[in-house]
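Here's the structure we're looking at; comments come further down.
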Amino acid sequence: MGVEFPERLVRDLGRCIGCGACNIPCPMFHVEDLRETEGPRARVKLLYMLSQGKMELTEEFLSYIFTCMNCGLCSDFCPVGIDVFDAIVGSRSALIDMGYVPLVTVDMRDVRRRTGSPIGDKVTKGVWLPPDYQPQKGAELLFFGGCWMHAVPEVALATNRLLKRITRKVVPAGTGEPCCGGLVHVIGERDSSEESREELKKFLSELSPKSVVSGCSLCANMFKDLGMKDVASVIEQALKDGKIRTKSIKGKKNRIFLVPTCRGDGASRRVLNEIENARVLEVPEWVCCDCGATLIHQAEPEKFDDWLSKLVDAASDADADYIVIEEVACYSMIYEALEGRNKVRGMKIISLPSFLLDYISSSS
Amino acid sequence: MAEEPAVKAVEEIASQLGEKQVLLEDLDRSAYSYDASGIQAIPSAVVRPSDIEDVAFIVETANKYSVPVVPRGSGTSLVGGPLPIEGGIVIDMQMMDRVIDKDEYSGLIRVEAGVKVLDLNKELPDRFMPINPDGAGFSTVGGLVAEDAASPLSAKYGTMKDLVIGLETILPTGESLMIEQPGPPSKWNTLGLLAGSEGTLGIITSAYLRLPMKPEGRRALRIEFADVSDSITVQTIVERERMDIVGFEVYHNYKEVLEEGGTEAISYLEMAGREECVDLWSARLGGALDSMDIPYEEVDASKTDDLWIERRNLYEVAKKRESAIKVVSMRVHPHLVRDAIQEIDRTGSRMKLPVVTVFDPPLGWVMAVFLYDPTSEKEVERTEKAAQNIIGRTISLGGSVGFGTGVGINRITRDMDEGFVSVLSRVKEALDPNWIMNPGKLIER
Numbered sequence: 001m002g003v004e005f006p007e008r009l010v011r012d013l014g015r016c017i018g019c020g021a022c023n024i025p026c027p028m029f030h031v032e033d034l035r036e037t038e039g040p041r042a043r044v045k046l047l048y049m050l051s052q053g054k055m056e057l058t059e060e061f062l063s064y065i066f067t068c069m070n071c072g073l074c075s076d077f078c079p080v081g082i083d084v085f086d087a088i089v090g091s092r093s094a095l096i097d098m099g100y101v102p103l104v105t106v107d108m109r110d111v112r113r114r115t116g117s118p119i120g121d122k123v124t125k126g127v128w129l130p131p132d133y134q135p136q137k138g139a140e141l142l143f144f145g146g147c148w149m150h151a152v153p154e155v156a157l158a159t160n161r162l163l164k165r166i167t168r169k170v171v172p173a174g175t176g177e178p179c180c181g182g183l184v185h186v187i188g189e190r191d192s193s194e195e196s197r198e199e200l201k202k203f204l205s206e207l208s209p210k211s212v213v214s215g216c217s218l219c220a221n222m223f224k225d226l227g228m229k230d231v232a233s234v235i236e237q238a239l240k241d242g243k244i245r246t247k248s249i250k251g252k253k254n255r256i257f258l259v260p261t262c263r264g265d266g267a268s269r270r271v272l273n274e275i276e277n278a279r280v281l282e283v284p285e286w287v288c289c290d291c292g293a294t295l296i297h298q299a300e301p302e303k304f305d306d307w308l309s310k311l312v313d314a315a316s317d318a319d320a321d322y323i324v325i326e327e328v329a330c331y332s333m334i335y336e337a338l339e340g341r342n343k344v345r346g347m348k349i350i351s352l353p354s355f356l357l358d359y360i361s362s363s364s
Numbered sequence: 365m366a367e368e369p370a371v372k373a374v375e376e377i378a379s380q381l382g383e384k385q386v387l388l389e390d391l392d393r394s395a396y397s398y399d400a401s402g403i404q405a406i407p408s409a410v411v412r413p414s415d416i417e418d419v420a421f422i423v424e425t426a427n428k429y430s431v432p433v434v435p436r437g438s439g440t441s442l443v444g445g446p447l448p449i450e451g452g453i454v455i456d457m458q459m460m461d462r463v464i465d466k467d468e469y470s471g472l473i474r475v476e477a478g479v480k481v482l483d484l485n486k487e488l489p490d491r492f493m494p495i496n497p498d499g500a501g502f503s504t505v506g507g508l509v510a511e512d513a514a515s516p517l518s519a520k521y522g523t524m525k526d527l528v529i530g531l532e533t534i535l536p537t538g539e540s541l542m543i544e545q546p547g548p549p550s551k552w553n554t555l556g557l558l559a560g561s562e563g564t565l566g567i568i569t570s571a572y573l574r575l576p577m578k579p580e581g582r583r584a585l586r587i588e589f590a591d592v593s594d595s596i597t598v599q600t601i602v603e604r605e606r607m608d609i610v611g612f613e614v615y616h617n618y619k620e621v622l623e624e625g626g627t628e629a630i631s632y633l634e635m636a637g638r639e640e641c642v643d644l645w646s647a648r649l650g651g652a653l654d655s656m657d658i659p660y661e662e663v664d665a666s667k668t669d670d671l672w673i674e675r676r677n678l679y680e681v682a683k684k685r686e687s688a689i690k691v692v693s694m695r696v697h698p699h700l701v702r703d704a705i706q707e708i709d710r711t712g713s714r715m716k717l718p719v720v721t722v723f724d725p726p727l728g729w730v731m732a733v734f735l736y737d738p739t740s741e742k743e744v745e746r747t748e749k750a751a752q753n754i755i756g757r758t759i760s761l762g763g764s765v766g767f768g769t770g771v772g773i774n775r776i777t778r779d780m781d782e783g784f785v786s787v788l789s790r791v792k793e794a795l796d797p798n799w800i801m802n803p804g805k806l807i808e809r
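Below, the structure written as structure tokens:
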């Protein structure tokens, strides 16, 4: 007997024609030298085998199913329309419902229970704000940081300054900011994710801002219905509205290797392209990173390091001057992996908000 | 893990390639147990060579212990090509993905077997015809050559073996065999023996290809057939008027299955040649279609390059019906295409399975695409029966199974083609006396 997944899920898993198209954009598949096991096709096939009793459910198998970059790029590539990432997340949820929770997730669960954030042991919320800071109600633009934002105060400050160039009335959400539940959602913790969503809704309705920008693109993507937008989209809109304008890059160092968020619509690339004299380089399709990578970063740091070194290779091959990282979560993880160095092989590693500070000014 | 000889062979290989390139864990072995055929076979080990020396060492060692070896590219085979159905070691060729050299002027390119089609097609200038423009581009060159893959363009440019002008192959003894025929074949064509041998004679490690130039004038029509037989008539007109066709592919029941009652068949036909010829042919074909009351439209010139991607839209059917698919590919004499289609329709209705038939009249290439619910055991069983029935009927029509996809596990037996089996078995005995190269595929022992 196999593990009993919901019928709908089994159908989706069983429908996989095995063409391997979903492996094409998968970051881990590329980083691990195209090893089949690392790609989404293997996960879907092996989960199906599990449902058919042809695969044993071991601790190793569990953690395998739960740890990937969580970028979701695979879903766009399936020719027969299986939402591959959704099927993987659905399987995680089903396994959790049956009581099969891998140790890495158990750890994250505990941290969340204790601190209110799945990465709570790494951050102190609002360290970059005055100790007695309280957000005003009815803000023009509420700046919701997201967990990782608080791990790198310099990016939080840079983002805040950047947003201030759009409107003086930016209000950081502060220390009371709840967990958005994005990360717990992708690892299949449905209940926690729902709980977080409710808390977030409550938090936002109490502050009742006119608009919300999220430093975390995973939150922004999941809570579009609550009016959340990611930083790059807000900047792009402000450029269109003429509230801010770009300055040109002086000098010869203008080659930018952008590591975008995995959930965006390309706003970050378009914004960088607006900067005069900027050369925004083409990047391979597997290059993207956001908060979803947290689990692999924590559970299998050596794989995260492999990913980073391939990324640096790609940037270096493209002769980049800057590696610009859109997502603060990703920036923070890379910063940690590089032990605080902000230069590799002559390329400067910088977060998108910090980079934009030099090239965006207020129109007024 | 498997028996003693396999363990020994794998140990020796690991000491040469390094532990990291030898995968023995259950997870890894299971991940290499499938392709796009729906069949499953778990290898005793997966090895990942980086260069031709690695491949030679692997094959020689496996031969010493008589352990089967099965080469694998991206695992996109529809016929179980990379599956170790008689056990043994899977050789994952994907890390061998270098472009060795190329001549942009004449469209010559030499690549390692693990290079993917989508990468290969980017290597040469736009004036050359891409290979397999109908696929997702994820298949490897080694796989395409070994299975002698076809595409709608095969009507004009032939199958993969016709684009190959050189191959480097590792034989079971571990020796490397380099065959190259740059000019017209003044020699006996031994390349054709290896291209299409499905890994049963040796492992292709690199291929030297010549890509054809794109024609000067191209014109494509989209034709709808209320009666699918009319497409055969169109093919007759094409031949009578000596039109130069790049490809002509018909999708029968496609719209019907997609929309529950649409046109019986839609098709794309691309002509190519000098501009004035193309003008003349399209006027004549248009006139003929008008007189038969067959609706058609010219495809926008800017879209000609992407025309054959349409085949991928077939997956839309599986998407809309949320079903899985099973493909059976064959080639019959062009005058028997109609019979093959009827046979497929009949099988589909007898087994209560929706089926789309894709066929290329100039080639006599027919593919049955059955749609089934993977969660229903009975339907899975009926699908397998339907596939076997089609294979049997193809043979009785004098057709050949596996055109364009390779034969794979649908082995050719003596009853199917005595002469072919006899020659191939002898070649096989001579080159691979221990039958270690991809056993269970193409021919029966």
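Top line first, the protein sequences correspond to chains A and B. Throughout the first sequence, residue numbering follows this note's numbering, covering 1 to 364 in sequence. Throughout the second sequence, residue numbering follows this note's numbering, covering 365 to 809 in sequence. C-beta: ideal position from N, C-alpha, C; glycine also. Given the structure is predicted, the values throughout are model-derived calculations rather than measurements.
Identify whether residue i lies in helix, strand or coil by the three-state DSSP scheme.
i      : result
M365/B : With a pLDDT of 49 at M365/B, under the threshold of 50, the modelled position of this residue cannot be trusted; read the value that follows with caution. It is coil, neither helix nor strand.
Y398/B : strand
L788/B : helix
G444/B : coil
V454/B : strand
A571/B : strand
K342/B : Past the edges of chain B, shown from 365 to 809, lies residue 342/B, and the structure says nothing about it.
K805/B : coil
L9/A   : helix
W672/B : helix
S540/B : strand
I349/A : strand
A629/B : strand
K480/B : strand
Since residue i contacts residue j with CB under 8 Å, what's their CB separation in whole angstroms?
i      : j      : result
I24/A  : E285/A : 7 Å
A514/B : G768/B : 3 Å
V701/B : P738/B : About 30 Å separates the two Cβ atoms, so there is no contact after all.
E36/A  : G439/B : 7 Å
Locate the alpha helix (DSSP H) running through residue i, then write down its first and last residues.
i      : result
M222/A : 217 to 222
R778/B : That residue, R778/B, is in no alpha helix (DSSP H); it is neither H nor E in DSSP.
R462/B : Taken as a continuous stretch (DSSP letters only), R462/B belongs to no alpha helix (DSSP H), as it is neither H nor E.
R41/A  : 40 to 51
Y469/B : Element bounds for Y469/B: n/a, residue is neither H nor E.
Just list the residues that DSSP pairs residue i with in beta bridges.
i      : result
F734/B : K690/B, V719/B
Q404/B : Y398/B
F143/A : P172/A, V213/A
F492/B : M577/B
G768/B : A513/B
W729/B : R695/B, D724/B
Residues in its own chain within less than 7 Å of residue i by CB, not counting five upstream and five downstream?
i      : result
W799/B : R809
C179/A : R112, G116, S117, P118, C147, S196
D418/B : L381
I755/B : V692, V765, N774
A519/B : I609, V610, G611, F612, D724, P726, L727
M365/B : For M365/B, the pLDDT reaches just 49, beneath the cut-off of 50, and the residue's location in the model is therefore unreliable, leaving the point undetermined.
N221/A : R263
Excluding five sequence neighbours on each side, which residues of the same chain lie with their C-beta closer than 6 Å to the C-beta of residue i?
i      : result
V592/B : H616, E628, A629
N802/B : V434, G563, T564
G566/B : T533, I534, L535
Less than 8 Å between C-beta atoms, sequence neighbours within five positions excluded: which residues of the same chain meet that for residue i?
i     : result
D83/A : D12, S75
Tell me the residue span of the beta strand (DSSP E) that contains residue i.
i      : result
P435/B : 433 to 436
E662/B : 660 to 662
S361/A : 360 to 362
F502/B : Where F502/B is concerned, there is no enclosing beta strand (DSSP E), given that its DSSP letter is neither H nor E.
D230/A : 228 to 230
Please indicate yes or no: does the CB of residue i lie closer than 8 Å to some heavy atom of the ligand ADP?
i    : result
V3/A : This structure does not include the ligand ADP; it has no bound ligands of any sort.
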